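The structure appears below as structure tokens.
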Ligand SMILES: [Zn+2]
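Chains as they are written, first to last, in the numbering used here: chain Z, 25 to 124; chain S, 474 to 937.
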């Protein structure tokens with residue numbers, strides 16, 4: 025189940041007035057719509073989804089780079105998820121064997 | 474053409490994911506279900522798997538479904554799971570709706586007449602059987618398994634529509650909070666009052682509710698009243714969000730079960746509070762029949778609290794705890810994601826998936842009851858005033874499995890719907906997954922509590 029070219033799809037970010045930013049201000053904001061984000065990578069991912077049509081080449085590159093980084097993290101998360109599922113499954117199997 | 478190929482690809486992936494999820498769940502839950510086969514309320518003593526293990530397996534299955542959902546991070550695929558798939562046109566919609574309203578009024582009349590004049594034995598009284606077995610168990614199941622037909626069938630709406638409407642209509646300003654309070658009041662009445670044993674009391678209650686409802690519909694207008702204020706219409710509409718069919722302006726919309734839970738359909742915090750209250754109400758209903766409740770109630774009453782106060786106090790306190798936990802999860806999600814999206818938006822967007830949990834719990838609670846009491850229901854519908862002793866279907870032992878499965882399927886559906894919602898709200902895929910940590914923790918807790926209640930022996934609530 026790969027998703028390398030699957031990031032393009034409908035998205036529905038909350039309207040700009042439904043964000044709550046701490047008094048010291050947001051870490052990053054989107055240059056296109058002003059929505060606040062915690063880091064530059066999230067801004068890039070957001071721009072790739074919400075403003076794809078108006079991005080210049082440099083912005084597009086940043087989007088691609090952010091997606092690449094995110095895909096790597098996702099792969100790591102999935103490895104951990106598989107490990108957790110295996111532990112959960114065999115753990116339960118053993119408990120069932122002992123109890124019943 | 475490209476688009477079409479895309480759709481095919483998503484469909485193939487969807488099937489693969491569903492098959493995988495089912496297989497994985499099956500392997501995780503299979504042993505529990507096989508052993509829990511004798512879980513029928515009557516046959517609970519002969520259980521070969523201890524209840525704690527069933528509860529733990531259920532919690533693990535919900536956690537596992539979250540981990541499995543992390544493999545479906547394909548945005549277009551996730552988005553394709555929800556939203557209407559197809560519209561069906563109904564011929565003669567207006568006439569059908571009139572007909573349904575008329576049917577509703579006839580059934581209401583039968584309930585009231587049978588309540589006052591019928592047998593005093595609950596199982597052979599038309600009012601009791603039609604209201605509890607036919608409507609609250611059977612009809613409610615149809616709202617989340619098929620679709621919500623209550624706006625068409627609602628007899629009070631039909632009556633309000635037939636009456637002359639006043640010149641001036643008032644605006645309702647209090648949102649869904651009164652509906653949540655009304656829901657708690659109805660649950661309290663149902664648990665504490667003899668509404669399921671005394672047909673006369675039931676008939677009086679139905680009439681009183683009818684007078685308030687019709688008067689409210691006249692003052693505020695039927696759309697405002699049944700859309701916002703009336704707790705019963707709201708419960709059934711909320712359950713209808715889980716169903717595959719929904720009536721829209723374009724006809725009947727067909728979607729995946731649970732597909733309606735990802736849309737931004739709630740108005741605000743009050744609406745979300747109503748959803749959480751509904752979830753708590755279904756839990757409370759089962760909680761008061763557990764031996765633990767009996768013990769706790771005894772201790773509290775011996776400590777000097779009047780017995781009348783114990784039930785409403787627990788009802789309100791529990792609603793507060795459920796709501797507080799949910800608010801806490803929404804607050805924490807801002808940090809785990811991380812995101813600047815405000816709490817109010819998160820509270821609103823992630824509440825609808827909980828409806829699948831409430832529906833699963835309702836199914837667990839009422840399917841067996843409904844099937845067992847089908848013969849009295851058939852009798853009540855055909856001859857509401859007869860005083861025959863009706864037969865009752867004896868459920869096979871494996872039927873208890875349905876209760877456990879209902880709770881589990883509801884939670885898994887909720888986890889998947891919340892996952893899809895997170896993908897709509899957040900731009901980052903890891904961000905969307907991390908936003909779900911606190912919600913999944915709360916969901917596992919709800920599962921454990923629900924399964925624990927379902928696997929307890931049922932005892933009569935004390936002091937009633
Ligand atoms: Zn933007």
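Think of the CB as a built atom: it goes at the ideal place given N, C-alpha and C, for glycine as much as any other residue. In this text the structure is predicted, and so the values were computed from the model without any measurement.
Paired residues, beta bridge with residue 726 of chain S - DSSP: In DSSP, residue 726 of chain S forms a bridge with S/560 and S/719.
Counting along the chain, where does the alpha helix (DSSP H) carrying residue 899 of chain S start and finish? Per DSSP, residue 899 of chain S belongs to no alpha helix (DSSP H) and is neither H nor E.
I'd like the list of long-range same chain contacts for residue 912 of chain S, defined as Cβ closer than 7 Å, with 5 residues on each side in sequence excluded. Correct list, in chain order: 802, 806, 823 and 891.
Please report the distance separating the alpha-carbon of residue 934 of chain S from that of residue 720 of chain S. Across the structure, residue 934 of chain S and residue 720 of chain S are spaced so that their CA atoms are roughly 40 Å apart.
Name, please, each residue of chain Z whose Cβ falls closer than 7 Å to the Cβ of residue 902 of chain S. The contacting residues are 94 and 98.
Below 7 Å on C-beta distance, what does residue 533 of chain S contact in chain Z? Chain Z residues near residue 533 of chain S: 112 and 116.
Straight-line Cα distance separating residue 118 of chain Z from residue 855 of chain S: Taking the straight line joining both Cα atoms gives about 54 Å.
Bridge partner(s) assigned by DSSP for residue 664 of chain S: For residue 664 of chain S, which the question treats as bridged, DSSP gives no partner whatsoever.
CB of residue 84 of chain Z to nearest heavy atom of ligand 1: below 7 Å? No, since every heavy atom of ligand 1 falls outside the 7 Å radius drawn around the Cβ of residue 84 of chain Z.
Could you tell me the boundaries of the alpha helix (DSSP H) in which residue 925 of chain S lies? Element bounds for residue 925 of chain S: 910-927.
According to the Cβ coordinates, are residue 727 of chain S and residue 718 of chain S closer than 8 Å? The Cβ-Cβ distance between residue 727 of chain S and residue 718 of chain S falls below 8 Å.
I need the DSSP call for residue 60 of chain Z, collapsed to helix, strand or coil. Note: residue 60 of chain Z maps to strand in three-state DSSP.
Just to confirm the assignment: which complete alpha helix (DSSP H) runs, minimum length 4, are found wholly within the segment 625-670 of chain S? The DSSP assignment places 628-635 and 650-665 as complete runs of the alpha helix (DSSP H) inside the segment 625-670 of chain S, in order along the chain (cut-off: 4 residues).
Can you find the residues in the same chain that come closer than 6 Å, C-beta to C-beta, to residue 846 of chain S, ignoring five residues on each side of it along the sequence? Excluding residues within five positions, the ones whose Cβ falls inside 6 Å are 606.
Which same chain residues, not among the five before or five after residue 108 of chain Z, have their C-beta less than 8 Å away from its C-beta? Cβ within range, chain order: n/a, list empty.
Do you know whose CA, among S/580, S/617, S/615 and S/620, lies nearest residue 601 of chain S's CA? When each option's Cα is compared against that of residue 601 of chain S, the closest is S/580.
Residue 74 of chain Z beta carbon near ligand 1 (any heavy atom closer than 7 Å): Checking every heavy atom of ligand 1 against the Cβ of residue 74 of chain Z, one is found closer than 7 Å.
What is the residue span of the alpha helix (DSSP H) that residue 842 of chain S lies within? First-last of the alpha helix (DSSP H) with residue 842 of chain S: 827-845.
Going by DSSP, which residues form a beta bridge with residue 53 of chain Z? Beta-bridge partners assigned by DSSP to residue 53 of chain Z: Z/60.
Report the three-state DSSP secondary structure of residue 619 of chain S (helix, strand or coil). Residue 619 of chain S falls in the coil class under three-state DSSP.
If I measure Cβ to Cβ from residue 642 of chain S and keep anything under 8 Å in the same chain, skipping five residues before and after, which residues do I get? In the same chain as residue 642 of chain S, and ignoring 5 residues on each side of it, the C-beta atoms closer than 8 Å to its own belong to 692, 693, 694 and 697, in chain order.
I want to see whether chain S comes within less than 8 Å of residue 89 of chain Z, judged by CB atoms only; does it? False, the Cβ-Cβ gap to chain S never drops below 8 Å.
Verify the CB distance criterion: does residue 527 of chain S have a CB-CB separation below 8 Å to chain Z? Answer no: the Cβ-Cβ gap between residue 527 of chain S and chain Z never drops below 8 Å.
Taking its Cβ as the centre, do 16 or more other Cβ atoms sit within 10 Å of residue 820 of chain S, making it buried, or is it exposed? Under a 10 Å Cβ-count criterion, residue 820 of chain S is classified as buried, with 16 or more other Cβ atoms of the shown protein chains found around its own Cβ.
List the endpoints of the continuous alpha helix (DSSP H) containing residue 536 of chain S. Per DSSP, residue 536 of chain S belongs to the alpha helix (DSSP H) from 524-542.
According to DSSP, is residue 687 of chain S helix, strand or coil? Three-state result, residue 687 of chain S: helix.
Would DSSP call residue 814 of chain S helix, strand or coil? In the three-state reduction of the DSSP assignment, residue 814 of chain S falls in the strand class, which pools E and B.
Please list the residues of the segment 906-932 of chain S that have a C-beta atom closer than 7 Å to any C-beta atom in chain Z, keeping them in chain order. Listed by position along the chain: 906.
For residue 574 of chain S, which residues from the same chain have a beta carbon less than 6 Å from its beta carbon, with the 5 sequence-adjacent residues on both sides left out? Closer than 6 Å at Cβ, skipping near neighbours: 631.
Could you tell me whether any non-hydrogen atom of ligand 1 is closer than 7 Å to the CB of residue 62 of chain Z? No, the Cβ of residue 62 of chain Z stays beyond 7 Å of every heavy atom of ligand 1.
Taking 8 Å as the CB-CB cut-off, is residue 788 of chain S touching chain Z? No, because no Cβ of chain Z sits closer than 8 Å to the Cβ of residue 788 of chain S.
CA-to-CA distance, residue 527 of chain S to residue 826 of chain S, given in whole angstroms: Cα-Cα distance, rounded: 23 Å.
Cβ of residue 740 of chain S versus every heavy atom of ligand 1: is any distance shorter than 7 Å? Look at residue 740 of chain S: its beta carbon is at least 7 Å from all of the heavy atoms in ligand 1.
Within a Cβ cutoff of 6 Å, which residues of the same chain sit near residue 650 of chain S, ignoring the five residues on either side of it in sequence? Closer than 6 Å at the Cβ level, and outside the excluded window around residue 650 of chain S, lie 743.
Beta carbon proximity, residue 122 of chain Z to chain S, threshold 8 Å: Answer no: the Cβ-Cβ gap between residue 122 of chain Z and chain S never drops below 8 Å.
Sort out for me which residues DSSP pairs residue 43 of chain Z with in a bridge. Partner(s): S/814.
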